[in-house]
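A.B. asks:
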């Protein structure tokens, strides 16, 4: 069975919902495809402690404000509730259980093939997100480790390891937030960091730091870093005293060069200073009881949580991915035309303004570009 519309949107989390709503308001006949059985599947499966790092006032999607009584930084379940409300408010009707196995050009159309049908349209917007597949690195000896190894995407809360010793690998926002969660849950917590990092406070003198990022991101990255550095240094301090290596450039330059957000600290540094999180370098190998680090020290642990990030994994269903993505698989363009006519992406831009803020901007931009398109 084949169905045709003007636009296909793939993915019904924040980016897909916002894009579908904006296109619908622009008069485009749009079909929204979702692999799961409800919206916001990626949010539902995240850890219990998760909160947005962008403030509520800067996180609303087009056409629906967030409830004024909600906290500044939304909890996971509030994000899910908001996305459900967003779907209902805009009367969106996602086609659930439609995992796209292949998206390819055929004639002048884009054809999305799922397990039981094909969907055809002149335009396709991919909104399956940065975090589609977890990165699972390997080390020598990992198959001999007798403890538990899980990616941060599978972590929920510290309850299974109360009174035990756990190693968290990585220094991203999920890794550090989960390390703090483990400490507060009565777990002896260790953190393995292999590379230099940048750290900025989630709030700067009581103001969400991403507001400052939004104000500065129009400047050249080095200039923005120079302006922000005195305040960051005042609030964060010298992270080298904690045993962390600092990147030779600032947070804004990091985002521009690597498309990675620095740590927005919401408690990890305090736990390091207090000695409740023990810092280690990179892992060199696993042992049956734990790990050995590159300095030769060994640590016995019950579990290892891999905060090692994600990849978009677009090559799994988009044969022409190399024409529109960099070698790491991240789209060159998000919210704008790509090298493949009729193919767009939403939700793949990394900026200091925050993910949901950028998704809202990109969705409006896409609707303006696609209005009236057959």
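Numbering (the numbering used here), first residue to last: 2 to 375. Glycine included, every Cβ here is placed at the ideal spot set by N, Cα and C.
(1) Could you check the C-alpha separation between residue 118 and residue 143 for me, to the nearest Å?
(2) Determine the closest residue to residue 176 out of 163, 135, 161, with distance taken between C-alpha atoms.
(3) Looking at the structure shown, is residue 311 part of a helix, part of a strand, or coil, going by DSSP?
(4) For residue 256, which residues of its own chain have a beta-carbon under 8 Å away from its beta-carbon, when the five flanking residues on both sides are left out?
(5) Looking only at DSSP bridge pairs, what is residue 301 linked to?
(6) Take the Cβ of residue 29 as the centre, count every other Cβ of all protein chains shown within 10 Å, and call the residue buried at 16 or more, exposed below.
(7) Roughly how many angstroms lie between the CA atoms of residue 280 and residue 72, to the nearest whole one?
(8) Any idea if residue 199 is buried or exposed, counting beta-carbon neighbours within 10 angstroms, 16 or more meaning buried?
(9) Can you tell which of 26, 245, 37, 290 has its C-alpha closest to the C-alpha of residue 90?
(10) Checking 8 Å against the spacing of the C-beta atoms, do residue 99 and residue 9 come in under that value?
(11) Taking the beta carbon of residue 53 as the centre, do at least 16 other beta carbons fall within 10 Å, making it buried, or is it exposed?
(12) Going by the DSSP bridge assignment, what does residue 138 pair with across the sheet?
(13) Looking at the strands, I want to know which residues DSSP matches up with residue 56.
(14) Measuring alpha carbon to alpha carbon, tell me which residue in 57, 20, 78 is nearest residue 70.
(15) Could you round the C-beta distance between residue 111 and residue 343 to whole angstroms and report it? I think they count as a contact, below 8 Å.
(16) Compute the beta-carbon to beta-carbon distance between residue 341 and residue 321, rounded to the nearest angstrom, for a pair I have assumed lies under 8 Å.
(17) Does the beta-carbon distance from residue 97 to residue 182 come in below 8 Å?
(18) Buried or exposed, going by whether 16 or more other CB atoms sit within 10 Å of the CB of residue 163?
(19) Which residue marks the beginning of the alpha helix (DSSP H) containing residue 17, and which one marks its end?
C.D. replies: Inspection of the coordinates gives the following:
(1) For the purposes of this step, residue 118 is identified with residue 117 of the chain shown, where counting begins at 1. For the purposes of this step, residue 143 is identified with residue 142 of the chain shown, where counting begins at 1. Approximately 41 Å between the Cα atoms of the pair.
(2) Position 175 of the chain shown, counting from 1, holds the residue named residue 176. For residue 176, the nearest C-alpha among the options comes from 135.
(3) If you number the chain shown from 1, residue 311 lands on position 310. Note: residue 311 maps to strand in three-state DSSP.
(4) In the chain shown, counting from the first residue as 1, residue 256 sits at position 255. For residue 256, where only same-chain residues beyond five positions count, the Cβ hits under 8 Å are 222, 262, 263, 351, 352, 353.
(5) Within the chain shown, numbered from 1, the residue matching residue 301 stands at position 300. Answer is 291, bridged to residue 301.
(6) Here residue 29 refers to the residue found at position 28 when the chain shown is read from its first residue. It counts as buried.
(7) The residue you call residue 280 lines up with position 279 of the chain shown. The residue you call residue 72 lines up with position 71 of the chain shown. Going by the C-alpha atoms only, they are around 32 Å apart.
(8) Counted from its first residue, the chain shown places residue 199 at position 198. By the neighbour-count definition (other C-beta atoms within 10 Å, threshold 16), residue 199 is a buried residue.
(9) To locate residue 90, count along the chain shown from 1; it is residue 89. Minimum Cα distance to residue 90 is reached at 26.
(10) Locating residue 99 in the chain shown gives position 98, counting from the first residue. Locating residue 9 in the chain shown gives position 8, counting from the first residue. In this structure, residue 9 does not lie closer than 8 Å to residue 99 by Cβ.
(11) Position 52 of the chain shown holds residue 53. Residue 53 should be labelled buried.
(12) Your numbering for residue 138 matches position 137 in the chain shown. Note: residue 138 sits in no beta bridge, so no partner.
(13) On the chain shown, position 55 is the one that residue 56 refers to. Answer is none; residue 56 lacks a bridge partner.
(14) Within the chain shown, residue 70 is the residue found at index 69, counting from 1. Residue 57 is the option with its Cα nearest to residue 70.
(15) Here residue 111 refers to the residue found at position 110 when the chain shown is read from its first residue. Here residue 343 refers to the residue found at position 342 when the chain shown is read from its first residue. Yes, residue 111 and residue 343 are in contact; Cβ-Cβ is about 6 Å, under 8 Å.
(16) Taking the first residue of the chain shown as position 1, residue 341 is located at position 340. Taking the first residue of the chain shown as position 1, residue 321 is located at position 320. Contact flag correct, Cβ pair sits at about 6 Å.
(17) Position 96 of the chain shown, counted from the first residue, corresponds to residue 97. Position 181 of the chain shown, counted from the first residue, corresponds to residue 182. No, Cβ-Cβ distance for residue 97 and residue 182 is not below 8 Å.
(18) Along the chain shown, one-based indexing puts residue 163 at 162. Per the 10 Å Cβ criterion, exposed.
(19) Translated into the one-based positions of the chain shown, residue 17 becomes position 16. Per DSSP, residue 17 belongs to the alpha helix (DSSP H) from 15-26.
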